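Undergrad:
There are 2 protein chains.
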Amino acid sequence: MARAEDPAGRERILRAATELFYVNGVRAVGTAEVIAAAGCGKNMLYRHFPGKAALVAAYLRGVRAERDKAAAKALAATDPGERLVALVGEVAAWVGRENFRGCAFRNYLTEFPDGDDEPARVARTYLRDTRRQVDDLVAELGAPAVTADRIWLLIDALYAGTGTAPRVAVDWARELVG
Amino acid sequence: MARAEDPAGRERILRAATELFYVNGVRAVGTAEVIAAAGCGKNMLYRHFPGKAALVAAYLRGVRAERDKAAAKALAATDPGERLVALVGEVAAWVGRENFRGCAFRNYLTEFPDGDDEPARVARTYLRDTRRQVDDLVAELGAPAVTADRIWLLIDALYAGTGTAPRVAVDWARELVG
DNA sequence: CGCTCGGCGGACCGACCGGTCCGTTAAACT
DNA sequence: AGTTTAACGGACCGGTCGGTCCGCCGAGCG
Numbered sequence: 048m049a050r051a052e053d054p055a056g057r058e059r060i061l062r063a064a065t066e067l068f069y070v071n072g073v074r075a076v077g078t079a080e081v082i083a084a085a086g087c088g089k090n091m092l093y094r095h096f097p098g099k100a101a102l103v104a105a106y107l108r109g110v111r112a113e114r115d116k117a118a119a120k121a122l123a124a125t126d127p128g129e130r131l132v133a134l135v136g137e138v139a140a141w142v143g144r145e146n147f148r149g150c151a152f153r154n155y156l157t158e159f160p161d162g163d164d165e166p167a168r169v170a171r172t173y174l175r176d177t178r179r180q181v182d183d184l185v186a187e188l189g190a191p192a193v194t195a196d197r198i199w200l201l202i203d204a205l206y207a208g209t210g211t212a213p214r215v216a217v218d219w220a221r222e223l224v225g
Numbered sequence: 048m049a050r051a052e053d054p055a056g057r058e059r060i061l062r063a064a065t066e067l068f069y070v071n072g073v074r075a076v077g078t079a080e081v082i083a084a085a086g087c088g089k090n091m092l093y094r095h096f097p098g099k100a101a102l103v104a105a106y107l108r109g110v111r112a113e114r115d116k117a118a119a120k121a122l123a124a125t126d127p128g129e130r131l132v133a134l135v136g137e138v139a140a141w142v143g144r145e146n147f148r149g150c151a152f153r154n155y156l157t158e159f160p161d162g163d164d165e166p167a168r169v170a171r172t173y174l175r176d177t178r179r180q181v182d183d184l185v186a187e188l189g190a191p192a193v194t195a196d197r198i199w200l201l202i203d204a205l206y207a208g209t210g211t212a213p214r215v216a217v218d219w220a221r222e223l224v225g
């Protein structure tokens, strides 16, 4: 029987898929490539996941869990303004690491613009929740609504990441709330 | 012999491909779908273009021509600061139109992150040139280099377009240079 | 020692991809 | 009217996709 703690399977497959999907794109990576990287048989993939869509959804959920944890850590400060700056700073740190390939959720929605499937819902839900998080923080701060728009704009620009130094966004955020 | 003005061919194919590639993504659209939308035979496509990559490159070059023309019109003002604001405003207008599906160049680079082919070069060249255009305008204005970073950040955020009102970016740009 | 059973590898399936090729049709020119 | 010629539509090719299935092997247990 399958061990409760990963019987040579699910976690390794998901880890390999995460790396490949994020670096090369979901469409460009086939299931054969995933199982080759995971070092298991193809049937193992379809035992743990109903299909590629479910694997992609699990990949996005895993990224979300990671991102949520990092965001929660950044929100440890008590002052709402400082928390907003920390939120932008956390995204900047994520963007600044090597092998950054953009936002996994935005990338997926770019690859499948009209998708209504499970991964698309995970991606859109993440974006909506994160946007609301910014709105709530700004409301807590008592700043006008346009401040939330601007913070979100900085985050969007960071994830787009076409060459601008992440530091620029963080400094601007500090000016904005300070 | 082929008429000089589009023998039921190149322009119509390119127009159909542009619409389909931009709306649904380059990877998602096959050559069969393009020729069906263009209403011509498959051989016509391969007479006018060596392959799909060349068609995609032509599509991106067409979008670039359109974007360059719109940008040139926005840069008609004499004051460098006003020109920067107009540049951001032009992008905002582009983003605000119905059926906006993101930046064609950024979308392509998201779909093919490691591509070194012709379309990828067109896309990267456009981004580099546009960025330099911003740098030049800021230098002409005599503003510090960080202003160029911030303008570019606004443009990046506009193209990302995950819900923020374009107006917010334009207003912020005006504050920045005013 | 032999039996069971889970997992690896790969063959296999139907669908679709980019790209080539050809038979037919219709228009244009003389 | 006859001939030429361009273009349409579709058959076709090799390859790859997501997904299924099966034969073999090796580890665990009676």
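Protein chains in written order, with the working numbering: chain A, 48 to 225; chain B, 48 to 225. In this text, a Cβ means the ideal position worked out from N, Cα and C, and glycines have one as well. In this text the structure is predicted, and so the values were computed from the model without any measurement.
Helix, strand or coil, according to DSSP, for threonine 125 of chain A in the structure here?
TA: As a working mapping, residue 125 of chain A is identified with position 78 in the first sequence. Threonine 125 of chain A falls in the coil class under three-state DSSP.
Undergrad: When you compare only the Cα positions, how much space is there between tyrosine 155 of chain B and lysine 116 of chain A?
TA: Looking up residue 155 of chain B in the second sequence gives position 108. Looking up residue 116 of chain A in the first sequence gives position 69. Their Cα atoms are separated by approximately 31 Å.
Undergrad: Is there a C-beta anywhere in chain A that falls below 8 Å from the one on valine 193 of chain B?
TA: As a working mapping, residue 193 of chain B is identified with position 146 in the second sequence. Interface residue, yes.
Undergrad: Nearest CA to the CA of glycine 189 of chain B: which residue from B:Asp218, B:Thr177, B:Val224 and B:Glu158?
TA: Here residue 189 of chain B corresponds to residue number 142 of the second sequence, with the count starting at 1. Selected option, being the one with the closest Cα: B:Val224.
Undergrad: My assumption, with CB atoms under 8 Å, is that leucine 102 of chain B sits in contact with phenylalanine 152 of chain B. Please give the rounded CB distance.
TA: Residue 102 of chain B sits at position 55 when you count from the first residue of the second sequence. Residue 152 of chain B sits at position 105 when you count from the first residue of the second sequence. With a Cβ gap of about 16 Å, leucine 102 of chain B and phenylalanine 152 of chain B do not count as contacting.
Undergrad: Return the first residue and the last residue of the alpha helix (DSSP H) that alanine 83 of chain A is part of.
TA: Here residue 83 of chain A refers to the residue found at position 36 of the first sequence. Taken as a continuous stretch (DSSP letters only), the alpha helix (DSSP H) holding alanine 83 of chain A covers 78-85.
Undergrad: Decide if threonine 125 of chain A is buried, meaning its Cβ has at least 16 other Cβ atoms within 10 Å, or exposed.
TA: As a first step, residue 125 of chain A is located in the first sequence; it is residue number 78 there, counting from the start. Exposed, since its Cβ has fewer than 16 Cβ neighbours within 10 Å.
Undergrad: DSSP three-state label for phenylalanine 96 of chain A, please.
TA: Against the first sequence, residue 96 of chain A aligns to sequence position 49. Here phenylalanine 96 of chain A sits in coil by DSSP.
Undergrad: Name the chain B residues whose beta carbon is nearer than 7 Å to that of tryptophan 199 of chain A?
TA: In the first sequence, the residue the question calls residue 199 of chain A occupies position 152. Residues of chain B passing the Cβ test: Thr211.
Undergrad: Using 8 Å as the threshold, is the C-beta distance between glycine 143 of chain A and threonine 157 of chain B below it?
TA: In the first sequence, the residue the question calls residue 143 of chain A occupies position 96. In the second sequence, the residue the question calls residue 157 of chain B occupies position 110. Cβ atoms of glycine 143 of chain A and threonine 157 of chain B: not closer than 8 Å.
Undergrad: Quick test of your reading: aspartate 196 of chain A and alanine 204 of chain B, contact by CB under 8 Å. State the CB separation rounded to the nearest angstrom.
TA: Taking the first residue of the first sequence as 1, we reach residue 196 of chain A at position 149. Taking the first residue of the second sequence as 1, we reach residue 204 of chain B at position 157. Contact doesn't hold; Cβ gap of about 10 Å is too wide.
Undergrad: Say whether chain B places a C-beta atom closer than 8 Å to the C-beta of alanine 186 of chain A.
TA: Sequence index remark: in the first sequence, residue 186 of chain A carries index 139 (1-based). No, its Cβ sits nowhere closer than 8 Å to a Cβ of chain B.
Undergrad: Using the Cα positions of glutamate 145 of chain A and alanine 207 of chain B, report the straight-line distance between them to the nearest angstrom.
TA: Residue numbering aside, residue 145 of chain A sits at position 98 when the first sequence is read from its first letter. Residue numbering aside, residue 207 of chain B sits at position 160 when the second sequence is read from its first letter. So the alpha carbons of these two residues sit roughly 21 Å apart.
Undergrad: Does the beta-carbon of proline 166 of chain A have 16 or more other beta-carbons within 10 angstroms, so that it is buried, or is it exposed?
TA: Position 119 of the first sequence, counted from the first residue, corresponds to residue 166 of chain A. By the 10 Å Cβ count, proline 166 of chain A comes out buried.
Undergrad: Ordered along the chain, which non-local residues of its own chain (more than five positions away) have a Cβ less than 8 Å from that of glycine 72 of chain B?
TA: As a first step, residue 72 of chain B must be located in the second sequence, where it is residue number 25. Closer than 8 Å at the Cβ level, and outside the excluded window around glycine 72 of chain B, lie Asn154 and Glu158.
Undergrad: Using a cut-off of 8 Å between C-beta atoms, extract the partners of leucine 174 of chain B located in chain A.
TA: Taking the second sequence and counting its residues from 1, one reaches residue 174 of chain B at position 127. Chain A residues near leucine 174 of chain B: Thr209 and Gly210.
Undergrad: Which residues in the same chain have their Cβ closer than 7 Å to the Cβ of valine 216 of chain A, if we skip the five residues on either side of it in sequence?
TA: For the purposes of this step, residue 216 of chain A is identified with residue 169 of the first sequence, where counting begins at 1. The sequence given here has alanine at residue 216 of chain A, not valine. The residues are Val135, Ala139, Leu201, Ala204 and Leu205.
Undergrad: In this structure, how does DSSP classify glycine 225 of chain A when only helix, strand and coil are distinguished?
TA: To locate residue 225 of chain A, count along the first sequence from 1; it is residue 178. Of the three classes helix, strand and coil, the one that applies to glycine 225 of chain A here is coil, per DSSP.
Undergrad: Looking at the secondary structure, which residues open and close the alpha helix (DSSP H) in which glutamate 66 of chain A lies?
TA: Along the first sequence, read from residue 1 onward, the residue named residue 66 of chain A stands at position 19. 57-71 is the extent of the alpha helix (DSSP H) around glutamate 66 of chain A.
Undergrad: Check whether the segment 166-175 of chain A touches the segment 59-66 of chain B, taking contact to mean three or more Cβ pairs, one atom from each stretch, closer than 8 Å.
TA: The segment 166-175 of chain A vs the segment 59-66 of chain B: no contact.
Undergrad: Among B:Pro191, B:Phe68, B:Asp218 and B:Asp182, which has the Cα closest to the Cα of glycine 109 of chain B?
TA: Against the second sequence, residue 109 of chain B aligns to sequence position 62. Nearest option by C-alpha distance: B:Phe68.
Undergrad: Kindly indicate the opening and closing residues of the alpha helix (DSSP H) around proline 160 of chain B.
TA: For the purposes of this step, residue 160 of chain B is taken as the residue at position 113 of the second sequence. Element bounds for proline 160 of chain B: n/a, residue is neither H nor E.
Undergrad: What residues of chain A sit near arginine 179 of chain B, judged by a beta carbon separation below 8 Å?
TA: Taking the second sequence and counting its residues from 1, one reaches residue 179 of chain B at position 132. Simply none; closest approach about 11 Å.
Undergrad: Mind pulling the alpha helix (DSSP H) runs of 4 or more residues that sit fully within the segment 176-225 of chain B?
TA: DSSP runs (the alpha helix (DSSP H)) wholly in the segment 176-225 of chain B: 192-207 and 213-224.
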